[in-house]
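Please read the structure below before turning to the comments.
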C-alpha cells in the first residue's frame, strides 16, 4: 500500500468509525441489543466499502461529508450480513477477526435481532440524512436495497451455501461472488460517484471498475486462504479446502489465480481511466485489494 | 364485522395478495429462496396492516392505488418478523396459521435469508414506486424503518424474550406491545393518511387512533388465548400460560381485560372523530379488531 493511500484510509476509517458508533449510540433501544450491535460494529475490519464510497465521491470533486451516512449504511449492511452468515444454521463460525462471533458472545436470538436491527437502521440513516436531497435518497435506497437484497447479497449467500461440496466451474463461481461480495462493492463505488456528481456515462465506467474490484477481492481472499498468514488473517488458513468450497486456486492453480488477478487489475484500471476522474485513490485501491495480506 | 367492512376487506385483501405475489415473483433470485419467500407470503393472515393503510389513505379522499406498494412493504416486514420470530433460537414455533413455519418447511438458513430478503425488498418496492414523489418515498422509508427497526419492532421482540418467565406490570407489558405490534400498526395508519393527503394535525390524531388500535389488537390476542377456539385460531390456546408470558387477563382478570378493551375502543373512536375524515372503515376496523375470533 502506498503511504498516501495508507494515510487517506486511516483518516477516512476514523471518520467512519466515529459516525458508525454515533448512529448506533443514538438509538434508544434495549441495552443488550445495543451492546450486541456495537460489538459487531466495533469488531472493525478494513472498512473497504465505506472508504471506497468516500473515495469515489471525492474523485468527482465533492467533499465526502455528504456521502458519510450512506457509507455507514453500507458498513451496517456488511456487518449484519457477517452476523447472520456466522450463525450456526449458516456457516457456523465461532471466531471472526480474532474475536468471538456475535452469537457466541451473546446468543443466537440476540445475534439475529442485532443483524435485523443493523439492516433496518441502514435505510433509516439514509432516509434521515439532511445533507442529501429526496431524489438522492430515493436513488441510493433503491440501489442499496437491490444490491443487498434477494437479487444481490442475500442471493449470494444462498447460492454459496447451495454450492458447498459441489465442484463449480469458474463461471458459476463468479456468479456467486458477483452477488455475495460484488454487489455491495459495486454500490459503494457507484453510489459514491453518484453523490459526487458523476454523469451517467461516468457511472457506467465506475460500475465496470467496481465489478473487477469485486472479483479481485474474491481472488485475493481465495489466494490468502492458501498462502496467507493466520496471524494477519485472524482466522485459520486452509478453511476453504476443509469446507470443500470451490476457489480460484483450486480451479486455476495458484499461478493461474495470480495471473487472473493481474488481468482483472488491469481491466479495473482501464475502466477507471475511461471514467475520467482524479483517480489517485481509486487506482491505489485496486492495488491495495489485489495485494492485501488480510 | 359489518357486511360492508367484510366486502371492503375481501376486496382490498385480493388487491394486496396479488400485488405482494407479483413483487416476489418479479425477483430474479435462487429458486429455493423465492419459494421460501412466497411460502410465507402466501400463508395469508388477516392482512390487517396493509388494509388499514389503504383505508387510511382512502379516508382522506385519495384512491388507494398510490398506497398499495407501501402497504405491501408493510406486510413484507410483518411476514419477515414472523419468520424470524418463529426460529428455534427465538420462539421456536413449528406451526403458524395451521401450517408448518418457514424453517420447518424449508430449513433454518433458508428461513433466515427469506426474512432478510423480505425486509430488504420492502424498502426496495417503496423506493422503486413511480406513483410516489421522492419526498413521499423519503418520508415513508424513514418512518417505516424507524417503526420496524431496533427502536420499534425489533426492540419489541427483544423485550418480549427478555420478559418471558417474569411477572410484568401493565405499564411494562404495554411498553413491549407498543413496540412489538404497535409501531407497525401505527405506521400503517399514519403512512396511509399521509399518502392520502392528511394535514399534520390530522396525522397526529390518526397516530393516537392507531396507538389504541395496537393495544386493542394485543388485548384481544391475549383474550383469545384464554377463550378462543383452536380451530378459528389455527394454533393451540393456553400457550401464553404455558410459555409463562404476562398477559392482560392474567394481570386484570378476564372481565377486567374486556373492560379495558372497551375503554381503549372508545378512546380510538374519539381520536378518529377529531381526525375529521370520512371514517366509516377506520371506525369499523376498531370494532373488528376488538371482536375478531382469530
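Protein chains in written order, with our numbering: chain A, 1 to 294; chain B, 1001 to 1294. Where is the CB? At the ideal position from N, CA and C, for every residue including glycine. Fair warning: this is a prediction, and the values are worked out from it, not measured in the lab.
Is there a Cβ of chain B sitting closer than 8 Å to that of residue 121 (chain A), yes or no?
With 8 Å as the cut-off, residue 121 (chain A) counts as an interface residue toward chain B.
Under 8 Å, CB to CB, which of the residues in the region 231–251 of chain A have a partner in chain B?
none
Hey, would you say residue 1214 (chain B) sits closer than 8 Å to residue 1182 (chain B), going by beta carbons?
yes
Compare the C-beta of residue 1084 (chain B) with all C-beta atoms of chain A and state if any pair is closer than 8 Å.
Yes, residue 1084 (chain B) lies at the interface with chain A (some Cβ there is under 8 Å from its Cβ).
Three-state class that DSSP yields for residue 1038 (chain B) in the structure shown:
helix
Residues bridged to residue 95 (chain A) (per DSSP)
A:100
Do we get a CB-CB distance below 8 Å when we pair residue 35 (chain A) with the residues of chain B?
no
For residue 41 (chain A), count the other beta carbons within 10 Å of its own beta carbon; 16 or more makes it buried, fewer makes it exposed. Which is it?
buried
Which listed residue (A:290, A:280 and A:195) has its alpha carbon closest to that of residue 221 (chain A):
A:290
Quick check: the region 21–30 of chain A against the region 1142–1161 of chain B, are there 3 or more CB pairs under 8 Å?
yes
With burial defined as no fewer than 16 other Cβ atoms inside 10 Å of the residue's Cβ, what is the status of residue 1227 (chain B): buried or exposed?
By the 10 Å Cβ count, residue 1227 (chain B) comes out exposed.
Of all Cβ atoms in chain B, is any one closer than 8 Å to the Cβ of residue 157 (chain A)?
yes
Assess, as a yes-or-no matter, whether the region 196–207 of chain A is touched by the region 165–175 of chain A under the definition of 3 or more beta carbon pairs within less than 8 Å.
no
Which residues, in chain order, does the region 1147–1173 of chain B contribute to contact with chain E at a C-beta distance below 9 Å?
Given the protein chain composition of this structure (A and B), no chain E is represented.
What is the rounded straight-line gap between the Cα of residue 229 (chain A) and the Cα of residue 97 (chain A)?
13 Å
Assuming residue 1062 (chain B) is part of the alpha helix (DSSP H), what are its boundary residues?
From DSSP, residue 1062 (chain B) is part of no alpha helix (DSSP H); its letter is neither H nor E.
For the alpha helix (DSSP H) that residue 1259 (chain B) lies in, which residues bound it at each end?
Here the alpha helix (DSSP H) through residue 1259 (chain B) covers 1248–1274.
Residues in the same chain with beta-carbon distance under 8 Å from residue 137 (chain A), minus the five sequence neighbours each way, listed in chain order, please.
126, 127 and 129
Same chain, Cβ closer than 6 Å to residue 1160 (chain B), five either side skipped, listed in chain order
1176 and 1180
Contacts of residue 1032 (chain B) in chain A (Cβ-Cβ under 8 Å):
158 and 162
By Cβ distance, which residues of its chain are closer than 7 Å to residue 270 (chain A), with the 5 residues on each side in sequence left out?
none
Between the region 53–62 of chain A and the region 1072–1090 of chain B, can you find at least three pairs of beta-carbon atoms closer than 8 Å?
no
Which whole-angstrom value is the C-beta distance of residue 111 (chain A) and residue 102 (chain A), which I expect to be below 8 Å?
4 Å
Simplified DSSP state of residue 1245 (chain B), which is helix, strand or coil:
coil
List the whole-angstrom C-beta distance separating residue 186 (chain A) from residue 155 (chain A), where the pair is believed to meet the contact cut-off of C-beta under 8 Å.
So it is not a contact: roughly 14 Å between Cβ atoms.
How far does the alpha helix (DSSP H) with residue 109 (chain A) in it reach, from first residue to last?
Per DSSP, the continuous alpha helix (DSSP H) segment holding residue 109 (chain A) begins and ends at 108–127.
Can you pull the chain B neighbours of residue 141 (chain A), defined as C-beta to C-beta under 9 Å?
Those within 9 Å of residue 141 (chain A) in chain B are 1123, 1124, 1126, 1127, 1137, 1138 and 1141.
Beta carbon proximity, residue 1094 (chain B) to chain A, threshold 8 Å
no
So is the beta-carbon of residue 1015 (chain B) under 7 Å away from any non-hydrogen atom of the ligand HEM?
With respect to the ligand HEM, the structure shown offers nothing to examine, as it has no ligands at all.
Considering only the beta carbon of each residue, do residue 76 (chain A) and residue 114 (chain A) sit closer than 8 Å?
Taking 8 Å as the cut-off, the beta carbon of residue 76 (chain A) is found no closer than this to the beta carbon of residue 114 (chain A).
Does residue 1108 (chain B) get closer than 8 Å to chain A when you measure Cβ to Cβ?
yes
Cβ atoms of residue 131 (chain A) and residue 49 (chain A): under 8 Å apart, would you say?
no
Here's the rule: buried if 16 or more other CB atoms are within 10 angstroms of the residue's CB, otherwise exposed. What is residue 1283 (chain B)?
buried
Does the beta carbon of residue 76 (chain A) sit closer than 8 Å to a beta carbon anywhere in chain B?
Cβ-Cβ to chain B under 8 Å: no for residue 76 (chain A).
Cα separation between residue 241 (chain A) and residue 260 (chain A)?
20 Å
Chain-ordered neighbours of residue 1064 (chain B) on chain A, where CB pairs are closer than 9 Å
Those do not exist, as residue 1064 (chain B) stays about 21 Å from chain A at its closest Cβ, beyond 9 Å.
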